[in-house]
Amino acid sequence: MRDSKINKKSWIRRTPTLAAIDIATYINKVASWSFILFGVTIVLFATVRATGAVMPPLIILVISVLLVRTSFAYFFRSVIGEEALWWSFPVGSITSLALAAAYYRFGRWRTMHMIEDRPAAGEPPDTGLGVPRQRAHLSPETPNG
Numbered sequence: 033m034r035d036s037k038i039n040k041k042s043w044i045r046r047t048p049t050l051a052a053i054d055i056a057t058y059i060n061k062v063a064s065w066s067f068i069l070f071g072v073t074i075v076l077f078a079t080v081r082a083t084g085a086v087m088p089p090l091i092i093l094v095i096s097v098l099l100v101r102t103s104f105a106y107f108f109r110s111v112i113g114e115e116a117l118w119w120s121f122p123v124g125s126i127t128s129l130a131l132a133a134a135y136y137r138f139g140r141w142r143t144m145h146m147i148e149d150r151p152a153a154g155e156p157p158d159t160g161l162g163v164p165r166q167r168a169h170l171s172p173e174t175p176n177g
């Protein structure tokens, strides 16, 4: 009998109150949908970064996350209270998506190349695996080569 009272008390302590569930539901409604926008931003940035343009996406994320999101939470806390923290997530995600879409559409990332287009020049490198045909003085008609 004593064990059942202890278990019931510990269960009550661990069960969230209805108020906590209401708060969590509200936070979910306010902030969680913005992660879809952030996911689209990441897809756009992956495409852009694949061409070698890595600094513009980094700068855009710094602007949207550190400057916009934290500034919104700080300056609007006096207006809407602690909700400013939760509303800063959608504001930051909308900002990052807008900037990412603008860079994707108008940025110079399409002209960037990770490898330069230039013809090979000079002697082939000595890999130690064999002698190039020209230096071995082999004719194209040799059966071994």
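Each residue of the sequence shown is one higher than the last, beginning at 33 in the working numbering.
Glycine is no exception: its CB is placed at the ideal position from the N, C-alpha and C atoms.
If you compare alpha carbons, which of the options is closest to residue i?
i: Thr-102; options: Val-86, Phe-121 and Leu-90; result: Phe-121
i: Leu-129; options: Lys-61, Asp-54, Ser-66 and Ile-53; result: Ser-66
i: Thr-143; options: Gly-84, Val-100, Thr-127 and Ile-95; result: Gly-84
i: Arg-137; options: Leu-76, Val-62, Ala-56 and Val-72; result: Leu-76
i: Thr-73; options: Ile-59, Leu-90, Ala-52 and Thr-57; result: Leu-90
Excluding the 5 residues preceding and the 5 following residue i in the sequence, name in chain order all residues of the same chain whose CB lies nearer than 6 angstroms to its CB.
i: Leu-117; result: Ala-105
i: Ser-125; result: Ser-66, Leu-69 and Phe-70
i: Ser-96; result: Gly-124, Thr-127 and Ser-128
i: Pro-108; result: For clarity, residue 108 is Phe in the given sequence; the question names Pro instead. Closer than 6 angstroms at the Cβ level, and outside the excluded window around Phe-108, lie Ala-116.
Under 8 angstroms by Cβ, that's how I've got residue i and residue j pegged, so tell me the actual separation to the nearest angstrom.
i: Trp-141; j: Val-80; result: 5 angstroms
i: Ala-133; j: Ile-92; result: No, Ala-133 and Ile-92 are not in contact; Cβ-Cβ is about 10 angstroms, not under 8 angstroms.
Specify, as a first and last residue, the run of the alpha helix (DSSP H) that residue i falls within.
i: Trp-65; result: Neither: Trp-65 is in no alpha helix (DSSP H) and is coded neither H nor E.
i: Leu-93; result: 87-93
i: Trp-118; result: 115-138
i: Ala-105; result: 102-107
i: Ile-59; result: 50-59
Once the 5 residues before and after residue i are set aside, which same chain residues still bring their CB inside 8 angstroms of it?
i: Pro-88; result: Val-80, Tyr-135, Gly-139 and Trp-141
i: Val-62; result: Glu-115, Trp-118, Trp-119, Phe-121 and Pro-122
i: His-145; result: Thr-83 and Gly-84
i: Asn-60; result: none
Using a Cβ-Cβ cutoff of less than 7 angstroms, which residues in the same chain neighbour residue i once the five nearest sequence positions on both sides are dropped?
i: Val-100; result: Val-123, Gly-124 and Thr-127
i: Glu-155; result: none
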